[in-house]
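Data block below; observations after.
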Amino acid sequence: MKRRKRTTVWAYLDGKKLVDVVQAALNNNMMVDDVKAVLVRENPGHEVTFKVQ
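Its first residue numbered 70, the sequence shown is counted upward by one per residue in this note's numbering.
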């Protein structure tokens, strides 16, 4: 049986790992794009990046 590797999206604040965006979206009953927008809006003056791992 072949298992699929599980991928997720991580948010980084100024280069430091902040939160698993997919899990945060599931916990808050939101879409991933909405969570990304909230993270960017709530952290002005900081560099917020997203990476799929």
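Glycine included, C-beta positions come from ideal geometry on N, C-alpha and C.
*Can you give the Cα-Cα distance for residue 108 and residue 70, rounded to whole angstroms?*
When the Cα atoms are used, residue 108 and residue 70 turn out to be separated by approximately 38 angstroms.
*Ignore the nearest five residues each way along the sequence and tell me which others in residue 82's own chain have a CB closer than 7 angstroms to its CB.*
Residues 112, 115 and 117 of the same chain have their beta carbon placed closer than 7 angstroms to that of residue 82, with the five preceding and five following residues left out of the count.
_Cβ neighbours of residue 100 in the same chain (closer than 8 angstroms, five flanking residues each side left out)_ = The residues are 94.
*Three-way DSSP call (helix, strand, coil) for residue 103 in this model*: Residue 103 falls in the helix class under three-state DSSP.
*asked:* Quick check on the burial criterion: 16 or more other C-beta atoms within 10 angstroms. Buried or exposed for residue 106?
replied: So residue 106 ends up on the exposed side.
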